[in-house]
Amino acid sequence: MTEEHDEEALIRHFAPLIEKELAEIEKQTRDTEQDRAPVALDQQSVGRLSRMEALQGQALAKASETRRARRRTALQMAQRRIREGEYGYCLDCGEPVARQRLEVDPAVTLCIACANRADKPKSR
1 MTEEHDEEAL IRHFAPLIEK ELAEIEKQTR DTEQDRAPVA LDQQSVGRLS RMEALQGQAL
61 AKASETRRAR RRTALQMAQR RIREGEYGYC LDCGEPVARQ RLEVDPAVTL CIACANRADK
121 PKSR
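Set out below in structure tokens:
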């Protein structure tokens, strides 16, 4: 284990960050619940344009919740990797993920080399 990739230090640093981000996601989910609620069909109480704006707002809120759900899953998987002693290692090659990469995204699962390979289109 290199000094740069000390598992205990990584966990001490990143576990609270992951926990904090998960808590923020849960709060945002609660805070925006009303925004995702069905829009009333009664055009007498809400004008046609206001209803269209409400529908757009609802669609945006649902899209945001979908992104939050994906992020929540990624963070929960990072927590699982911490519990299983696999955090900070590339899921493809098993090599350590650079700390700088984890600083950008604590839930990242691939080292930069494997991420680059995954992003390249496969030639036929």
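In UniProt numbering, the protein residues as written are 1 to 124.
We put the beta carbon where it would ideally sit given N, CA and C, even for glycine.
Extent of the continuous alpha helix (DSSP H) to which Y84 belongs | Residue identity check: residue 84 is Glu in the sequence provided, not Tyr. Neither: E84 is in no alpha helix (DSSP H) and is coded neither H nor E.
Local Cβ density within 10 Å of L60, reported as buried at 16 or more and exposed below that | exposed
Integer Cβ distance of E65 from T32, believed to fall under 8 Å = 7 Å
Check whether R71 and I112 have beta carbons under 9 Å apart | no
Starting from the C-beta of R117, find all residues in its chain whose C-beta is less than 6 Å away, skip the five residues before and the five after it, and write them out in chain order.
-> none
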